[in-house]
Amino acid sequence: MRGPAAGPRDRPATRRLLVDMTACRARGLCAEVLPELVALDDWGYPIIAGRVPPGLEGQAREAVRLCPRLALRLSR
Amino acid sequence: MTGAALAAVAGSQGLWLVSRASGLVLLALFSVVVVLGVAVRTGARSGRLPRFAVAELHRNLSLFAVALLVLHVATALLDPYVSIGWLASVVPFASRYDRAAIGLGAIAADIGGAVLVTSVLRRRLGLRAWKVIHYLAYLAWPAAFLHAITAAGYDRHVWWVAGIEWAALVAVATAVIARLLARLRPERDGAAPAGAAGRAGMASRAGQAPGPRPRAAAASADHGERHAG
Amino acid sequence: MRAEAAAGNAGSPARHRGRPRPATALPRLLPPVPGTGPVSLGDHLAGYGPLPRWRADGAWRARLIAEVDRARLAGRGGAGFPAAIKLAALARARGAVVVANGTEGEPASAKDKVLMARSPHLVLDGVVAAAELTGAREAVVVAHPAVTEVVAQAAGERRRARLDRIRIQVLPAAGTFVAGEASAVVRWIEQGVPVPAWRPVRLAERGLRGRPTLVSNVETLAHLALIVRYGADWFAGVGTAGEPGSMLVTLAGAVRRPGVYEIAIGTPVAQVLAAGGGPAAPLGALLIGGYFGTWVDARQAAGRPFSREGLAGLGAGVGAGLIAALPAGACGLEQTARLARYLAGQSAGQCGPCVLGLDAIAGELAALAAGTGPDLGRLRRWIGQVGAGRGACKHPDGTVTMIASALELFRDEVAEHMAGWCTGTGGAAALLPVPGAVPGGAA
Numbered sequence: 081m082r083g084p085a086a087g088p089r090d091r092p093a094t095r096r097l098l099v100d101m102t103a104c105r106a107r108g109l110c111a112e113v114l115p116e117l118v119a120l121d122d123w124g125y126p127i128i129a130g131r132v133p134p135g136l137e138g139q140a141r142e143a144v145r146l147c148p149r150l151a152l153r154l155s156r
Numbered sequence: 004m005t006g007a008a009l010a011a012v013a014g015s016q017g018l019w020l021v022s023r024a025s026g027l028v029l030l031a032l033f034s035v036v037v038v039l040g041v042a043v044r045t046g047a048r049s050g051r052l053p054r055f056a057v058a059e060l061h062r063n064l065s066l067f068a069v070a071l072l073v074l075h076v077a078t079a080l081l082d083p084y085v086s087i088g089w090l091a092s093v094v095p096f097a098s099r100y101d102r103a104a105i106g107l108g109a110i111a112a113d114i115g116g117a118v119l120v121t122s123v124l125r126r127r128l129g130l131r132a133w134k135v136i137h138y139l140a141y142l143a144w145p146a147a148f149l150h151a152i153t154a155a156g157y158d159r160h161v162w163w164v165a166g167i168e169w170a171a172l173v174a175v176a177t178a179v180i181a182r183l184l185a186r187l188r189p190e191r192d193g194a195a196p197a198g199a200a201g202r203a204g205m206a207s208r209a210g211q212a213p214g215p216r217p218r219a220a221a222a223s224a225d226h227g228e229r230h231a232g
Numbered sequence: 058m059r060a061e062a063a064a065g066n067a068g069s070p071a072r073h074r075g076r077p078r079p080a081t082a083l084p085r086l087l088p089p090v091p092g093t094g095p096v097s098l099g100d101h102l103a104g105y106g107p108l109p110r111w112r113a114d115g116a117w118r119a120r121l122i123a124e125v126d127r128a129r130l131a132g133r134g135g136a137g138f139p140a141a142i143k144l145a146a147l148a149r150a151r152g153a154v155v156v157a158n159g160t161e162g163e164p165a166s167a168k169d170k171v172l173m174a175r176s177p178h179l180v181l182d183g184v185v186a187a188a189e190l191t192g193a194r195e196a197v198v199v200a201h202p203a204v205t206e207v208v209a210q211a212a213g214e215r216r217r218a219r220l221d222r223i224r225i226q227v228l229p230a231a232g233t234f235v236a237g238e239a240s241a242v243v244r245w246i247e248q249g250v251p252v253p254a255w256r257p258v259r260l261a262e263r264g265l266r267g268r269p270t271l272v273s274n275v276e277t278l279a280h281l282a283l284i285v286r287y288g289a290d291w292f293a294g295v296g297t298a299g300e301p302g303s304m305l306v307t308l309a310g311a312v313r314r315p316g317v318y319e320i321a322i323g324t325p326v327a328q329v330l331a332a333g334g335g336p337a338a339p340l341g342a343l344l345i346g347g348y349f350g351t352w353v354d355a356r357q358a359a360g361r362p363f364s365r366e367g368l369a370g371l372g373a374g375v376g377a378g379l380i381a382a383l384p385a386g387a388c389g390l391e392q393t394a395r396l397a398r399y400l401a402g403q404s405a406g407q408c409g410p411c412v413l414g415l416d417a418i419a420g421e422l423a424a425l426a427a428g429t430g431p432d433l434g435r436l437r438r439w440i441g442q443v444g445a446g447r448g449a450c451k452h453p454d455g456t457v458t459m460i461a462s463a464l465e466l467f468r469d470e471v472a473e474h475m476a477g478w479c480t481g482t483g484g485a486a487a488l489l490p491v492p493g494a495v496p497g498g499a500a
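Chains as they are written, first to last, in the working numbering: chain A, 81 to 156; chain B, 4 to 232; chain C, 58 to 500.
Okay, structure coming up:
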């Protein structure tokens, strides 16, 4: 399980792109918009490679908006 | 010069013309939007356009169509030659003039408005609510089409108007058939029908019985033997 | 003995009138005399003494939770999460509710069932203790269908005796593997659908009916019931310094007397097996923890203490307390393939990578077990993709962990199978239960 909770000073500046895999249907729009961060597995489902660097935050927001299943969320 | 042109446009003939022209463009546009919508959903590759581009095109064209719809309805209402109350533009079959035709248009417009609102508020409403309204688009298009062929009156007999109407019908019918076929075929994304597609895949690849295995020292003669689970 | 125990408890806020059991004696959770049938409320209170007098002030709760922390009680559901942290998180919340998880979705594990069947009152004591410590006014016990009736009757006994201030509801659990997952239990209670939910918000913040929820394994709660009575020092009478206390283990497979046994944490694995009569045949490997556990070499594991620390060196953990023994002659890959197929079928069916990925992996493993030319590269790629913590629950992750450990331990067998040979006795009888398997081998 998770370790001790990080304090506000420890929190990394980058956000996370979260996928609700129960809503995802492997439509693949997120991987098209954000190939730097989103790879697809053998069945077309997204694998998020790490946190969202500040430079890609705009594109991440686009991916969240474009997902036809509303399966994406940007943390915090 | 401009004043006279304006007067001409503002004249009854002008308004009626703009209304009919925008209506025809709207029918074509709406049809393209429906085809694009199906394309997004079924993952059909529109040439080299990625899926998100198809999705954006669908969205942007539909927004443009809404703007055009406003023009279409406004010019029809402002036209003094025919009396269509503004109410009739949203309440189906409330018009005294050409009740059925205008009523159908009102239905299409109402659904279009609902789709617009729910799409803007999609994240807040949640997927299911958004979906239910969005599927009504399959009702809106036939209403718009019937509105077009009944309200257009003698325009129908113009060959290229009829051509556009037919093309629209064929395009949308093709898209709808494609959509239905996509539903019947097990989706690549097998999680949807409660894993049924995934399970179907499982059935076809059902775990084989740990089969016969030649022992290290023995010959491989017993390939046909099957061991119990 | 009594003075000793009393001295040990002098600092403990848990005062009691009854005589505490000797700290070093086992069993603690199960009745000392093996038998069938539950211990009645009267016998239970006579044996363990009464529960402490509950108070409602925060300071008292904090002191008791600190005692639980001192006892280092770790969750017994498989995750091993420190109970004190969970309790403390909920003690801060308002309107908490306690859910006792007695689902035991693992088919090979029987410890929770046995515990509920024999000592339902100890479990309910723990439920009440958890509620009192977190300020919850109600609790739901989700019990395996085989023992729901016993637990419900015990709850009825307590109600008639007006023993508790907490309202306890007893529900039967769903019978599937994933039904034991914490959010699945909550959803089962709320909607009758035993599938995990994708929760960006933790259950401790918003769970059952939107309230802060404590989901705890029934064995953990039983231990809690002992700690609030006798204190952390007593609790540490058995076990190791780092992991005090006892635990229930299920012995399965090639042991003479498979079943549930209570052991002191840190008991060497060989001794644990001896409690069950020892191996029924020379052993090759052990599956430790559960179906999400780790395959280890039997000889290497024999001397290791059965504790988180002791097993860490083998890459294993205590998990849900299962030790399944594989005889040296049996084919570990075959067993793994059977388990993989079962686990793939037990997917909740919500997430693509799990439904499709586990199915594909199970298929490839079946080919490996049968020696029909699997694609190992593809299998390893899938294992990397599927077990990456992307779904709503850890079902694929746990499955993949177990499979990866099998491929590692049975390295030589993998090479043999790739060449089309198996040196094991093929067709080993169903060593490990996989309910719902298709008879005739296509499990």
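C-beta atoms are modelled at their ideal positions from N, C-alpha and C, and glycine is treated no differently. On a predicted model such as this, the values are computed, not experimentally measured, just so you know.
Classified as exposed, C:Glu247 has fewer than 16 neighbouring CB atoms from the shown chains inside 10 Å of its CB.
Listed along chain C, the residues sitting closer than 8 Å to A:Ala106 by beta-carbon distance are Gly409.
Nearest neighbour of C:Arg395 by Cα position, chosen from C:Gly420, C:Ile322, C:Gly183 and C:Ala239, turns out to be C:Gly420. As DSSP reads the structure, C:Thr205 sits in no beta bridge. The DSSP assignment places complete beta strand (DSSP E) segments of no fewer than 3 residues inside the region 250 to 328 of chain C at 270 to 274, 303 to 310 and 316 to 321, in order along the chain. When secondary structure is reduced to three states using DSSP, C:Glu195 falls in the strand class.
Among the residues of chain A, none has a CB under 7 Å from the CB of C:Gly323; the nearest is roughly 22 Å distant. Here B:Val21 has Thr78 as same chain residues with Cβ atoms under 6 Å from its own Cβ, once five neighbours each way along the sequence are excluded. DSSP assignment within the region 215 to 248 of chain C yields the following whole beta strand (DSSP E) runs of 3 residues or more, N-terminal first: 224 to 229. At a cut-off of 9 Å between C-beta atoms, A:Thr94 does not count as an interface residue with respect to chain C. Not a single CB atom of chain A sits nearer than 9 Å to the CB of B:Val120. For C:Ile142, no beta strand (DSSP E) segment is defined; the enclosing uninterrupted segment is the alpha helix (DSSP H) at Ala140 to Ala148.
Listed as beta-bridge partners of C:Thr482 by DSSP are C:Ala387.
Listed in chain order, the non-local C-beta contacts of C:Pro88 below 7 Å within the same chain comprise Val96, Arg175 and Ser176, local neighbours out to five positions each way being set aside.
The Cβ atoms of C:Ala381 and C:Gly310 lie closer than 9 Å to each other. At a C-beta separation below 7 Å, A:Arg141 has no neighbours in chain B, since its nearest C-beta there lies roughly 12 Å away. A contact between stretches requires three or more CB pairs, one per stretch, nearer than 8 Å, and the region 131 to 140 of chain A fails this requirement with the region 109 to 125 of chain B. Exclusion of the five residues before and after C:Glu195 leaves Val154, Val155, Ala188, Ile223, Arg224, Ile225 and Gln226 as the residues of its chain whose Cβ lies within less than 8 Å of its Cβ.
Taking 9 Å as the threshold, the shortest C-beta distance from B:Arg186 to chain A does not fall below it.
Contact between C:Tyr399 and C:Val491 holds, with the beta-carbon distance rounding to 4 Å and staying under 8 Å. A:Leu117 carries a coil assignment under DSSP once its states are collapsed to helix, strand and coil. Ranked by Cα distance from C:Ala338, the first of C:Gly106, C:Val326 and C:Ala385 is C:Ala385.
When the five nearest sequence neighbours on each side are left out, the beta carbons in the same chain lying within less than 6 Å of the beta carbon of C:Phe234 are those of Gly162 and Gln403, in order along the chain. Sorting B:Gly17, B:Ser25 and B:Leu32 by C-alpha distance to the C-alpha of B:Leu172 places B:Leu32 at the top. When C:Gly430, C:Thr429 and C:His452 are compared, the shortest CA-CA separation from C:Ile440 is found for C:His452. Listed by position along chain B, the residues whose Cβ is nearer than 7 Å to that of A:Glu112 are Pro53, Arg54 and Phe55.
For C:Gly378, the nearest beta carbon of chain A is not closer than 9 Å to its own beta carbon.
What A:Pro148 touches in chain B, judged by beta-carbon distance under 8 Å, is Val43, Arg44 and Ala58, going in chain order. Interface with chain C (9 Å Cβ-Cβ cutoff): A:Val99 is included. A distance below 6 Å between beta-carbons, with the five flanking residues on each side excluded, links B:Pro95 to the following residues of its chain, in chain order: Gly106, Ala109 and Ile110. Contact note: C:Gln442 reaches chain A through Asp121, Asp122 and Ile127, using a C-beta cutoff of 8 Å and chain order. Under a criterion of Cβ atoms nearer than 8 Å, no residue of chain C is adjacent to A:Arg156; the nearest Cβ is some 10 Å distant.
Residue contact check for C:Trp439 against chain A: a CB pair falls below 9 Å. Under the 9 Å criterion on CB atoms, C:Trp255 is classed as interfacial with respect to chain A.
The Cβ-Cβ distance between C:Ala212 and C:Val198 falls below 9 Å.
Shown in chain order are the members of the region 110 to 138 of chain B whose Cβ falls below 9 Å from a Cβ of chain A: Arg125, Arg126, Gly129, Leu130 and Trp133.
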